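A.B. asks: Residue numbers for the sequence shown follow full-length UniProt numbering, beginning at 1 and rising by one.
The C-beta atom is built at its ideal place from N, Cα and C for all residues, glycine as well.
Just so we're clear, the structure is a prediction, and the values are computed from it rather than from any experiment.
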Amino acid sequence: MAATTVEADGSGLLAGSVQIPVADGALLPAYRAAPEGAKGPLPTVIVVQEVFGVHEHIQAVCRRLAKSGYLAIAPELYFRQGDPRKFPDIDQLMKLVLSVPDAQVLADLDATTGWAARNGGDARRIAMTGFCWGGRIVWLYAARNPSLKAAVAWYGRLAGTASANTPKQPLDVAADIRVPVLGLYGGQDKGIPAESVAQMRAALKAAKAPAEIVVYPDAGHGFNADYRPSYNEAAARDGWQKMLAWFRQNGV
Numbered sequence: 001m002a003a004t005t006v007e008a009d010g011s012g013l014l015a016g017s018v019q020i021p022v023a024d025g026a027l028l029p030a031y032r033a034a035p036e037g038a039k040g041p042l043p044t045v046i047v048v049q050e051v052f053g054v055h056e057h058i059q060a061v062c063r064r065l066a067k068s069g070y071l072a073i074a075p076e077l078y079f080r081q082g083d084p085r086k087f088p089d090i091d092q093l094m095k096l097v098l099s100v101p102d103a104q105v106l107a108d109l110d111a112t113t114g115w116a117a118r119n120g121g122d123a124r125r126i127a128m129t130g131f132c133w134g135g136r137i138v139w140l141y142a143a144r145n146p147s148l149k150a151a152v153a154w155y156g157r158l159a160g161t162a163s164a165n166t167p168k169q170p171l172d173v174a175a176d177i178r179v180p181v182l183g184l185y186g187g188q189d190k191g192i193p194a195e196s197v198a199q200m201r202a203a204l205k206a207a208k209a210p211a212e213i214v215v216y217p218d219a220g221h222g223f224n225a226d227y228r229p230s231y232n233e234a235a236a237r238d239g240w241q242k243m244l245a246w247f248r249q250n251g252v
């Protein structure tokens with residue numbers, strides 16, 4: 001996996017791997033970054049990985065958030081099923097991803113938010129962001145946990161066929177969302193049709209959910225992934241600033 005190109009080194013930060021106890025007695029690996037020497041409790045952002053796992057780009061996202069004053073934590077949400085870094089073939093990787101139940105992921109995110117509150121984070125100021133696979137999870141978790149203060153979903157799938165591991169999609173839970181959620185999407189995204197974005201907007205409006213969706217007309221899927229050809233600098237930079245502003249305006 002290529003390194004990220006947006007500058008996000010670890011200077012001035014406490015950054016590295018941690019382990020989070022989860023409900024089944026396992027230890028959930030995670031990457032944590034926070035301002036070094038900061039006196040807590042800190043506003044916290046749970047970062048939900050791309051389909052490729054908690055690789056360098058997601059770790060860099062955590063460091064960027066830490067440089068803005070946050071405790072940022074990215075849990076390895078496939079850890080029971082396998083390590084996505086060991087699946088260079090996309091078809092094999094997708095088999096791994098599809099074997100991960102949403103119920104397991106959401107429970108592990110419960111454990112992560114609890115761990116954050118016990119380890120330097122402020123339980124009253126916890127937000128979430130996620131990318132691609134993680135963007136979809138952000139919508140689902142916002143419907144599950146109303147104690148989140150804010151959430152930002154980057155190009156997460158909104159609709160799809162139900163399965164045993166993925167029984168609901170964001171469209172199915174729009175009526176349950178009471179957390180302020182900002183969705184960031186690309187108008188050229190070939191995997192997330194404009195129709196599903198329009199449907200999600202309508203569902204959120206009908207539910208009077210405190211959510212907004214921004215579409216960047218010239219951006220495709222993965223426009224914040226600065227290590228891939230999909231990177232769109234203008235959309236990525238604007239989306240990042242909108243994310244930080246969303247967190248601030250909602251008290252995180």
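What is the C-beta distance between Tyr-78 and Val-100, in whole angstroms, given that I count them as a contact (C-beta under 8 Å)?
C.D. replies: Here residue 78 refers to the residue found at position 78 when the sequence shown is read from its first residue. Here residue 100 refers to the residue found at position 100 when the sequence shown is read from its first residue. Indeed, because the Cβ distance is near 5 Å, the residues count as touching under 8 Å.
A.B. asks: Using a 10 Å radius around the Cβ and a threshold of 16 neighbouring Cβ atoms, would you call Met-94 buried or exposed?
C.D. replies: Counting from 1 along the sequence shown, the entry for residue 94 is found at position 94. Label assigned to Met-94: exposed.
A.B. asks: By a C-beta neighbour count over all protein chains shown, 10 Å radius and 16 as the cutoff for buried, is Glu-233 buried or exposed?
C.D. replies: The residue given as residue 233 occupies position 233 in the sequence shown. The residue is exposed, with fewer than 16 neighbouring Cβ atoms inside 10 Å.
A.B. asks: Return the chain-ordered list of same chain residues with a C-beta closer than 6 Å to the C-beta of Ala-111, the five sequence neighbours on each side being excluded.
C.D. replies: Counted from its first residue, the sequence shown places residue 111 at position 111. Taken in chain order, the residues that qualify are Ile-20, Val-22.
A.B. asks: Ends of the beta strand (DSSP E) at residue 281?
C.D. replies: Given a span of 1 to 252 for the chain in the structure shown, any question on residue 281 remains unanswerable.
A.B. asks: In the structure shown, what three-state DSSP assignment does Gly-130 receive?
C.D. replies: Taking the sequence shown and counting its residues from 1, one reaches residue 130 at position 130. DSSP places Gly-130 in strand when its eight states are reduced to three.
A.B. asks: Out of Pro-43, Asp-24, Gly-82, point me to the one whose CA is closest to Arg-125's CA.
C.D. replies: Indexing the sequence shown from 1 puts residue 125 at position 125. Ranking the options by Cα distance to Arg-125, first place goes to Pro-43.
A.B. asks: Just to confirm my understanding: we take Ala-164, look at its own chain, exclude 5 residues before and 5 after, and list those with CB closer than 8 Å. What are they?
C.D. replies: Along the sequence shown, read from residue 1 onward, the residue named residue 164 stands at position 164. Pro-101.
A.B. asks: Going by DSSP, name the residue or residues bridged to Pro-35.
C.D. replies: As a first step, residue 35 is located in the sequence shown; it is residue number 35 there, counting from the start. In the DSSP output, where bridge partners are listed per residue, Pro-35 has Leu-13.
A.B. asks: Quick one: grab the DSSP three-state call for Leu-106.
C.D. replies: Position 106 of the sequence shown, counted from the start, is the residue given in the question as residue 106. Here Leu-106 sits in helix by DSSP.
A.B. asks: Does the distance from the C-beta atom of Leu-71 to that of Gly-37 stay below 8 Å?
C.D. replies: The count along the sequence shown starts at 1 and reaches residue 71 at position 71. The count along the sequence shown starts at 1 and reaches residue 37 at position 37. Taking 8 Å as the Cβ cut-off, Leu-71 and Gly-37 do not qualify as a contacting pair.
A.B. asks: Below 6 Å CB to CB, which residues in the same chain sit around Glu-212 once its five sequence neighbours on both sides are set aside?
C.D. replies: Here residue 212 corresponds to residue number 212 of the sequence shown, with the count starting at 1. Here the set comprises Leu-182.
A.B. asks: Measure from the alpha carbon of Gln-169 to the alpha carbon of each residue in Leu-140, Pro-75, Val-105, then state which is nearest.
C.D. replies: If you number the sequence shown from 1, residue 169 lands on position 169. Comparing Cα positions, the closest option is Leu-140.
A.B. asks: Count Cβ pairs between the segment 200-207 and the segment 227-244 that sit closer than 8 Å; are there 3 or more?
C.D. replies: no
A.B. asks: On a CA-only basis, which of Leu-184, Gly-25, Ala-159, Gly-186 is nearest Asp-174? Give me that one, please.
C.D. replies: For the purposes of this step, residue 174 is identified with residue 174 of the sequence shown, where counting begins at 1. Looking at the sequence shown, residue 174 is not Asp but Ala. Put simply, of Leu-184, Gly-25, Ala-159, Gly-186 the residue whose alpha carbon is nearest the alpha carbon of Ala-174 is Ala-159.
A.B. asks: Let me confirm a value: Ala-198 is counted as buried when at least 16 other C-beta atoms fall within 10 Å, else exposed. Which label applies?
C.D. replies: Taking the sequence shown and counting its residues from 1, the one referred to as residue 198 is at position 198. Classification of Ala-198: exposed, given that the 10 Å Cβ count is below 16.
A.B. asks: Look up Thr-112 in the DSSP assignment and say whether it is helix, strand or coil.
C.D. replies: Taking the first residue of the sequence shown as 1, we reach residue 112 at position 112. Here Thr-112 sits in helix by DSSP.
A.B. asks: Going straight from the alpha carbon of Lys-39 to that of Ala-123, what length do you get?
C.D. replies: Stepping through the sequence shown from its first residue, residue 39 is reached at position 39. Stepping through the sequence shown from its first residue, residue 123 is reached at position 123. C-alpha separation (whole angstroms): 15 Å.
A.B. asks: Taking DSSP as the reference, what is the three-state secondary structure of Tyr-227?
C.D. replies: In the sequence shown, counting from the first residue as 1, residue 227 sits at position 227. The answer is coil: DSSP assigns Tyr-227 none of H, G, I, E or B.
A.B. asks: Work out the CA separation of Leu-96 and Gln-81 for me, nearest whole Å.
C.D. replies: Position 81 of the sequence shown holds residue 81. Position 96 of the sequence shown holds residue 96. Their backbone Cα atoms lie some 7 Å apart in a straight line.
A.B. asks: Are the CB atoms of Tyr-155 and Gly-135 nearer to each other than 8 Å?
C.D. replies: Indexing the sequence shown from 1 puts residue 155 at position 155. Indexing the sequence shown from 1 puts residue 135 at position 135. Contact flag set, yes.
A.B. asks: If I measure Cβ to Cβ from Ala-117 and keep anything under 6 Å in the same chain, skipping five residues before and after, which residues do I get?
C.D. replies: Indexing the sequence shown from 1 puts residue 117 at position 117. The beta carbon of Ala-117 is closer than 6 Å to those of Ala-123 in its chain, skipping five residues each way along the sequence.
A.B. asks: Got a sec? Which residues, its chain only, sit under 6 Å from Pro-193 by beta carbon, not counting five neighbours each side?
C.D. replies: If you number the sequence shown from 1, residue 193 lands on position 193. Sequence-distant Cβ neighbours of Pro-193 in its own chain, meaning closer than 6 Å and more than five residues away, do not exist here.
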